[in-house]
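Single-structure report; data block below.
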Amino acid sequence: MASHAFMVFFCLILNVITLFPCLTDAASCHSNGRNSPPYNPSGTQAILTLNDFGPGGDGGGPSECDEKYHPLPQRVVALSTGWYSNGGRCGKTIRITARNGRSAVAKVVDECDSTQGCDKEHANQSPCKTNIVDASKTVWNDLGLNTDDGEVPAGSCKSNGLHSPEYKSSGTHAILTFNDFSSGGDGGGPSECDGKFHPLPQRVVALSTGWFHNGALCGRMIRIKARNGRSTVAKVVDECDSVHGCDKSHGNQRTCKTNVVDASKTVWKDLGLNINDGEVPVTWTIL
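In terms of mature numbering (1 follows the signal peptide of the UniProt record, and there is no 0), the sequence shown is residues -26 to -1, 1 to 261.
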């Protein structure tokens, strides 16, 4: 009799132990909400996580944007529900900056669902936090980060200073970056020079704070020349702030470097450059 009672007690304990992980998992499956932190064109603070977008990977099914898998070495990311914006950022190229100063460019191909999870569709994973950039291993490698860390803060908010390199009429060396100056684009609000948006196919640029010179170059035309020998002309319409960033007025984006010509997609196309390269050395002169 005592032996039978012991066996019943043992079985009850075993069932509780078996059930406990399930209860714990259920507790971690609550929604984190739809609203991500505000997007900041000068650098939005986020948490970088790791995902395998290839078939059979921990990303589950194919990516939501294009219904395809994205095996290595593709540079791709999924964004938390709010930033994903119902697919509004599908196919967009984003720049990710780590605290070590290194940066990488990746394509948005999927949503990191912050409202639902723990089912087959979500590969039985918990809902994402609302501030996640879920990136492929290649992106982590580009940033010089260890995937074993699991989660890493992304974004840099330090001031890079007011002073840009000296302007030279024979050609000033700069880094060409990509920006969307249209309404709803990653450039944030309207351009500082004229208070307007500049949709494609306009050829427009923003200059680092020193070169922008308190708006002195507003409306000026500059010639940009790439190392492949091709050149194009664009209009200065905005500042790429190298002093302030990571606040509402800068769309929560990081501060610019001091030697940046931030250009629209048409400028990149004129130069025969691939925006997925993120940063390309160029020279520029005032016309």
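Ideal Cβ placement from N, Cα and C applies to all residues, glycine included.
These numbers were taken from a predicted model, which means no experiment stands behind them.
**Report entry** Residue range of the unbroken beta strand (DSSP E) whose run includes Lys209
**Finding:** Ser205 to Cys214
Query raised in the report: Can you tell which of Glu125, Pro36 and Cys86 has the C-alpha that lies nearest to the C-alpha of Thr23?
Result: Glu125
Query - Assumed close pair Arg177, Thr146 - CB separation to whole angstroms, cut-off 8 Å - result: Their Cβ separation, rounded to whole angstroms, is 18 Å, which puts Arg177 and Thr146 out of contact at 8 Å.
Query raised in the report: Where does the unbroken beta strand (DSSP E) through Phe152 begin, and where does it stop?
Result: Thr146 to Phe152
Query - Residue from Val50, Trp57 and Ala52 with nearest C-alpha to Gly158 - result: Trp57
Query raised in the report: Residues bridged to Cys86 by DSSP?
Result: Ser54
Query raised in the report: With C-beta atoms as the reference, is Asn9 less than 8 Å away from Pro101?
Result: no
Query raised in the report: Going by Cα to Cα distance, which pick from Ser138, Asp154 and Ser143 is closest to Lys66?
Result: Asp154
Query - Contact under 8 Å by Cβ, Val51 with Ala109 - result: yes
**Report entry** Secondary structure of Ser59, DSSP reduced to three states
**Finding:** helix
Requested in this report: Let me know if Asn(-12) comes out buried or exposed under the rule of 16 or more other beta-carbons within 10 Å of its beta-carbon.
Outcome: Residue placement at Asn(-12) cannot be trusted, given a pLDDT of 40 that sits under 50; what the coordinates show is reported in the next sentence. Under this definition Asn(-12) is an exposed residue.
Report task. May I ask which residues mark the beginning and end of the beta strand (DSSP E) holding Thr240? Result -> Element bounds for Thr240: not the beta strand (DSSP E) but the alpha helix (DSSP H), Lys239 to Asp244.
Query - Separation of Lys199 from Cys64, as counted between CA atoms - result: 30 Å
**Report entry** Per-residue burial, Asn250 [other beta carbons within 10 Å of its own, 16 or more giving buried]
**Finding:** exposed
Query raised in the report: Grouping DSSP H, G and I as helix and E and B as strand, with all else coil, what is Asp40?
Result: coil
Query raised in the report: Among residues of its own chain, excluding the 5 on either side of Gly252, which ones have a beta-carbon nearer than 6 Å to its beta-carbon?
Result: Arg69 and Val79
**Report entry** Cβ shell of Trp185 (< 6 Å), same chain only, five flanking positions each side left out
**Finding:** Ser138
Query raised in the report: When the Cα atoms are used, what is the spatial distance from Val21 to Leu261?
Result: In the sequence as presented, Val is not what sits at residue 21; that position holds Ile. If I take the Cα positions, the gap works out to 42 Å.
Query raised in the report: Any idea if Asp32 is buried or exposed, counting beta-carbon neighbours within 10 angstroms, 16 or more meaning buried?
Result: exposed
Query raised in the report: What does DSSP give as the partner residues of Ile70 in its beta bridges?
Result: Ala78
Requested in this report: State the start and end residues of the unbroken beta strand (DSSP E) segment that holds Lys111.
Outcome: Unbroken run through Lys111 is the alpha helix (DSSP H), Lys111 to Asp116; no beta strand (DSSP E).
Report task. State the Cα-Cα distance for the pair Tyr13 and Arg197, rounded to the nearest angstrom. Result -> 31 Å
Report task. Reducing DSSP to helix, strand and coil, say where Asp168 ends up. Result -> coil
Report task. Give a yes or no on whether the C-beta atoms belonging to Ala180 and Asp212 are separated by under 8 Å. Result -> yes
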